[in-house]
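Mapping the sequence shown onto my numbering, position 242 (from 1) lands on 242, and the numbers just tick up by one.
What follows is a short report on a single structure.
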Amino acid sequence: MRKFLIAGNWKMNGGAEFASDLLSSIKEHKPAISEDVDVLVCPPFISLSMAIDQLHETDLLVGAQNMHQADEGAFTGEISAKMLVEAGCSYVILGHSERRAYFHETDQLIHEKTKNALAHDLAPVVCVGELLEERKSGDHFNVVKGQVQAAFDGLSSEEAVQIVVAYEPVWAIGTGETASPEQAQEMHAFIRSILKEHFGEIADAIRILYGGSMKPGNAGELLQQPDVDGGLIGGASLDAESFVSIITTAESLS
Ligand code: PGA
C-alpha cells in the first residue's frame with residue numbers, strides 16, 4: 001500500500017551547470033520510471049527553477065532542502081513554502097541532522113516548518129535520527145521518539161499522512177557506515193508504532209525512508225525490509241548511475 005520514494009538530497013553541491021548535467025544524465029540512464037516508485041531530487045535553492053523546467057515532461061519530482069516557517073516578511077536570506085510551491089516544488093526536506101547540528105534547528109522549529117509546509121500542500125520529508133553516543137548509550141529509541149512526536153504534535157490524521165519520515169542515524173550520514181537492515185527495520189517499525197499510537201491505522205500509509213550511506217550495493221537489502229519505504233540519498237544521488245541503480249532496485253522490489 002505504500003509506494004517507494006527514492007529521494008536525492010544534493011546538499012550544497014554543484015551550481016546550475018552541474019545540476020543541469022546531472023539531471024540530463026539521470027534522464028538518459030532512466031528515460032522512464034515505473035508508476036510504482038516516486039523519485040524526487042532536491043537540488044540547492046538556486047537550481048530549483050531550472051530543475052523544474054528541465055524535468056517538466058518527466059516523472060521526476062523536485063523538492064527543496066529547507067524552508068522558513070513564515071510565509072513572508074523581513075527574514076533576509078530565507079525562502080518560504082509559499083515560494084517553493086509557486087516555483088513548482090512538491091516536497092521539502094525538514095530538520096535534516098545537518099540543519100539541527102549546524103543551524104541549531106530545534107524540534108519546535110521543525111514542527112513549525114512542518115505545519116507551514118502542510119498548510120501550503122508541500123509534502124514535508126521530516127528527518128529524525130540519533131547521534132552515535134545516543135545509540136551507544138542505548139538512548140536511540142527515546143531520542144527518535146521525541147523527534148517524531150515533536151514534528152507530528154497536534155496534527156490531524158489527514159495532515160500526518162502527507163508527511164514522509166526519513167530515519168537517518170547521524171553516525172551513518174556521509175560516513176560510508178550504514179545501519180544494518182535489521183537496525184533500520186527495528187527503528188522504522190518503532191517509528192510506525194509511535195505514529196499508530198497517535199493516528200491509528202493511517203500510520204500504515206505513512207512512508208518512512210532510510211537515509212545514511214545508502215548506495216547501489218546496500219539499497220536492496222535495506223529496501224526489502226517491510227517498514228523501509230524508500231531512501232533519502234546524499235552522496236550516491238550526485239552520481240547519475242548510482243542514483244538510477246537505486247531507483248531500479250526499488251522498481252524491482254515493487
Ligand atoms: P549520505 O547522506 O547518503 O551521503 O549518507 C544522506 C543524507 O544526509 O540525507
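Backbone N, C-alpha and C define an ideal beta-carbon position, used for all residues, glycine too.
- Ranked by Cα distance from I206, the first of E134, N218, V125 is V125.
- Contact between V164 and A123 holds, with the beta-carbon distance rounding to 6 Å and staying under 8 Å.
- I208: member of the beta strand (DSSP E) spanning 208–211, first to last residue.
- If you check the C-beta of H120 against the ligand PGA, you find no heavy atom less than 7 Å away.
- Rounded to the nearest whole angstrom, the CA to CA distance from I194 to A119 is 23 Å.
- T106 sits exposed, since fewer than 16 C-beta atoms from the chains shown fall within 10 Å of its C-beta.
- For I173, the distance from the CB to the nearest heavy atom of the ligand PGA is below 7 Å.
- Nearest to G88 by C-alpha distance, out of G77, V41, S213, G14, is V41.
- Selection I247, G235, L253, E241 evaluated against Q224 yields L253 as nearest (Cα-Cα).
- For a cut-off of 8 Å, the C-beta gap from F243 to A236 is around 6 Å, short enough to register as a contact.
- A distance below 6 Å between beta-carbons, with the five flanking residues on each side excluded, links W171 to the following residues of its chain, in chain order: L132.
- Contact check for Q185 against D227 passes: the beta carbons are separated by less than 8 Å.
- Taken atom to atom, the span from the alpha-carbon of M83 to that of G200 is near 33 Å.
- In the three-state reduction of the DSSP assignment, H96 falls in the coil class.
- A Cβ-Cβ contact shorter than 8 Å links H111 with D153.
- Look at the beta carbons and you see the segment 215–222 not touching the segment 13–23: under three pairs across the two are nearer than 8 Å.
- Residue pairing by DSSP puts D38 in a beta bridge opposite L5.
- Taken through DSSP and simplified to helix, strand or coil, P181 comes out as helix.
- Sixteen is the threshold: since fewer than 16 other Cβ atoms of the shown chains lie within 10 Å of the Cβ of Y102, the residue is exposed.
- I173 is positioned such that its CB atom lies no closer than 8 Å to that of R192.
- In terms of CA proximity to K113, H68 leads the group K196, H68, V144.
- Runs of the alpha helix (DSSP H) lying entirely within the segment 195–243 and spanning at least 4 residues, in chain order: 216–223.
- Put simply, of E159, C127, H96 the residue whose alpha carbon is nearest the alpha carbon of D121 is E159.
- Cβ contact annotation for M50 (same chain, cutoff 7 Å, sequence separation greater than five): A16, A19, S20, in chain order.
- DSSP, reduced to helix, strand and coil, places A74 outside both helices and strands of the structure shown, so it counts as coil.
- No heavy atom of the ligand PGA is found nearer than 7 Å to the CB of M12.
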